[in-house]
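A.B. asks: If you scroll down you'll find the structure; I have some questions about it.
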Amino acid sequence: MIVRWKLGIVVAGALALAGCSGETGPSDTPNDDGLPPMPEFPDNPTTPGGVDLGRRLFHDPVLSGDGTQSCADCHRQAFAFGDPRQFSFGIHGDAGTRNASTIVNPAWQTSQFWDGRAATLEDQAVSPVQNPIEMAADWSVVVAAVAADPDYPAAFAAAFGTSEVTQERIVRAIAQFERGFVSADSKFDRERRGEVAFSAAEIRGRDLFFSEEAECFHCHAAPLFTDGRFHDIGLDLDPPDEGRAAATGVVFDRGKFKTPSLRNVEVSAPYMHDGRFATLEEVLDHYAAGIQRSPNLDPVLGVQLNGGATGLGFTPEQRADLIAFLKALTDPSFLQNPDLGPPSS
Numbered sequence: 001m002i003v004r005w006k007l008g009i010v011v012a013g014a015l016a017l018a019g020c021s022g023e024t025g026p027s028d029t030p031n032d033d034g035l036p037p038m039p040e041f042p043d044n045p046t047t048p049g050g051v052d053l054g055r056r057l058f059h060d061p062v063l064s065g066d067g068t069q070s071c072a073d074c075h076r077q078a079f080a081f082g083d084p085r086q087f088s089f090g091i092h093g094d095a096g097t098r099n100a101s102t103i104v105n106p107a108w109q110t111s112q113f114w115d116g117r118a119a120t121l122e123d124q125a126v127s128p129v130q131n132p133i134e135m136a137a138d139w140s141v142v143v144a145a146v147a148a149d150p151d152y153p154a155a156f157a158a159a160f161g162t163s164e165v166t167q168e169r170i171v172r173a174i175a176q177f178e179r180g181f182v183s184a185d186s187k188f189d190r191e192r193r194g195e196v197a198f199s200a201a202e203i204r205g206r207d208l209f210f211s212e213e214a215e216c217f218h219c220h221a222a223p224l225f226t227d228g229r230f231h232d233i234g235l236d237l238d239p240p241d242e243g244r245a246a247a248t249g250v251v252f253d254r255g256k257f258k259t260p261s262l263r264n265v266e267v268s269a270p271y272m273h274d275g276r277f278a279t280l281e282e283v284l285d286h287y288a289a290g291i292q293r294s295p296n297l298d299p300v301l302g303v304q305l306n307g308g309a310t311g312l313g314f315t316p317e318q319r320a321d322l323i324a325f326l327k328a329l330t331d332p333s334f335l336q337n338p339d340l341g342p343p344s345s
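Yeah, the sequence shown ends on 345 if you go by this note's numbering, and it's all consecutive.
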């Protein structure tokens, strides 16, 4: 089991590098936190001024149509920058149709949103501002409002060399800030570094997680705990949400959604693209015996159990052990990092 666990880390690192190299290329120096090398972003290199500006913009309701809602209202740090509500509500009280994604180690992701319709963090930041059921703003109005704030011109000058405020600069600054959302100090990470020891339940859960019996590591390989790809995990026999197909138009992508990272999964309920599961226990119930044989079901999950159900057939003890391991992926230093919260002034 331990060999497979370590192999999962190596494979995930290789996949992450391969996924990033086509657009940005990894840096030559590996991270000392166990994550793959940080990708480089030559079109939007990270600077202290850019990060500071992005932090302010991320937490500023000026980006919304009525000045009442910021990015942080639906992406809350205590919940791994996700939303504890099943669906987020826009400035007019309209509910969204998907659960707000967490933002965990986004620098290594090569697509954004549950359906992957945005390729970069910059692309992703454009949509919520102008979405009529989210922040419901006009970008030209937002740019004017930001430019009118007496404190912003100097911040833009520090980030980009001049005080000009543009939509492009706003989303580039937000992207720079979000790339600093690095989570790599959970108990899992500290155990790997030899700083702490796992409990017996956490060891059993880890070994099961990285085994062919549970299959978890195929889509949630360490260290990122996501493959960044799209899968149909059998939530619905006839998926009401097109998923990835909404972005690609490919029928074989129907019902597929991007694999979320399991880092900090303990605090990121509710689960799945539509927030249908309130607890990790409900998630494991689905994988144990609740999988629907949907047309594009991932073949890894198409296991027929005795009695006709489809699932992986976890015992109560296995479920408890898996949850113990999943809770070891919680990173309090990430969830409480003051540098990611609202600026003091």
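Heads up, the beta-carbon is just placed ideally off N, CA and C, and yes, glycines get one too.
For the region 78-148, list the alpha helix (DSSP H) runs that are entirely contained and at least 4 residues long, ordered along the chain.
C.D. replies: Counting only runs of 4 or more, we get 121-130, 139-148.
A.B. asks: Aspartate 323 lies in the alpha helix (DSSP H); which residues open and close that run?
C.D. replies: The residue you asked about is not aspartate; residue 323 is isoleucine in the sequence shown. Residues 316-327.
A.B. asks: Report the three-state DSSP secondary structure of isoleucine 2 (helix, strand or coil).
C.D. replies: Confidence at isoleucine 2 is low in this model, with a pLDDT of 39, below 50, so its placement is unreliable and no value can be given for it.
A.B. asks: For aspartate 253 versus alanine 245, is the C-beta distance shorter than 8 Å?
C.D. replies: Going by C-beta atoms, aspartate 253 is nearer than 8 Å to alanine 245.
A.B. asks: May I have the straight-line CA-CA distance separating valine 196 from tryptophan 139, to the nearest angstrom?
C.D. replies: Approximately 49 Å, taken between the alpha carbons.
A.B. asks: How would you call glutamate 168, buried or exposed, if buried means at least 16 neighbouring beta carbons within 10 angstroms?
C.D. replies: exposed
A.B. asks: Answer yes or no: do glutamine 77 and glycine 341 have a C-beta to C-beta separation smaller than 8 Å?
C.D. replies: Between glutamine 77 and glycine 341, the gap from beta carbon to beta carbon is short of 8 Å.
A.B. asks: Determine the closest residue to alanine 173 out of Cys216, Phe257, Pro48, Ala221, with distance taken between C-alpha atoms.
C.D. replies: Pro48
A.B. asks: Here's a check: name, in chain order, each residue in its chain whose Cβ is nearer than 6 Å to the Cβ of serine 163, leaving out the five neighbours to either side.
C.D. replies: Pro153, Phe156, Ala157
A.B. asks: Can you tell me which of Leu335, Pro343, Ser344 puts its alpha carbon nearest to the alpha carbon of phenylalanine 181?
C.D. replies: Leu335
A.B. asks: Measuring alpha carbon to alpha carbon, tell me which residue in Leu63, Glu134, Gln130, Gln124 is nearest aspartate 94.
C.D. replies: Glu134
A.B. asks: Are lysine 256 and aspartate 232 close, meaning C-beta to C-beta below 8 Å?
C.D. replies: Yes, the pair counts as a contact, with Cβ atoms nearer than the cut-off.
A.B. asks: What does threonine 310 pair with, by DSSP beta-bridge criteria?
C.D. replies: Gln304
A.B. asks: Please name the residue or residues paired with tyrosine 271 in a DSSP beta bridge.
C.D. replies: Phe277
A.B. asks: Could you tell me which residues DSSP puts in a beta bridge with histidine 220?
C.D. replies: Answer is none; histidine 220 lacks a bridge partner.
A.B. asks: Leaving out five residues on either side along the sequence, give the residues of the same chain with a beta carbon under 7 Å from the beta carbon of alanine 100.
C.D. replies: Cys74, His75, Gly82, Asp83, Ser88
A.B. asks: From Leu326, Ala278, Gln112, Leu53, pick the residue whose C-alpha is nearest to that of arginine 229; which is it?
C.D. replies: Gln112
A.B. asks: For alanine 16, which residues in the same chain have their Cβ closer than 7 Å to its Cβ, ignoring the five residues on either side in sequence?
C.D. replies: Low confidence applies here, because alanine 16 scores a pLDDT of 37, under 50, leaving its location unreliable and the question unanswered by this model.
A.B. asks: To which residues of the same chain is isoleucine 323 closer than 8 Å at the C-beta, ignoring the five residues directly before and after it?
C.D. replies: Answer for isoleucine 323: Gly205, Leu280, Glu281, Leu284, listed in chain order.
A.B. asks: Throw me the rounded Cβ distance for the arginine 117 and proline 343 pair, which I believe falls under 8 Å.
C.D. replies: Actually they are not in contact, since the Cβ atoms of arginine 117 and proline 343 sit about 30 Å apart, beyond 8 Å.
A.B. asks: Helix, strand or coil: how does DSSP classify glycine 243 here?
C.D. replies: Note: glycine 243 maps to strand in three-state DSSP.
A.B. asks: Applying the 10 Å Cβ sphere with the 16-neighbour rule, what's the burial state of arginine 319?
C.D. replies: It counts as buried.
A.B. asks: What's the C-alpha gap between proline 106 and glutamate 178?
C.D. replies: So the alpha carbons of these two residues sit roughly 7 Å apart.
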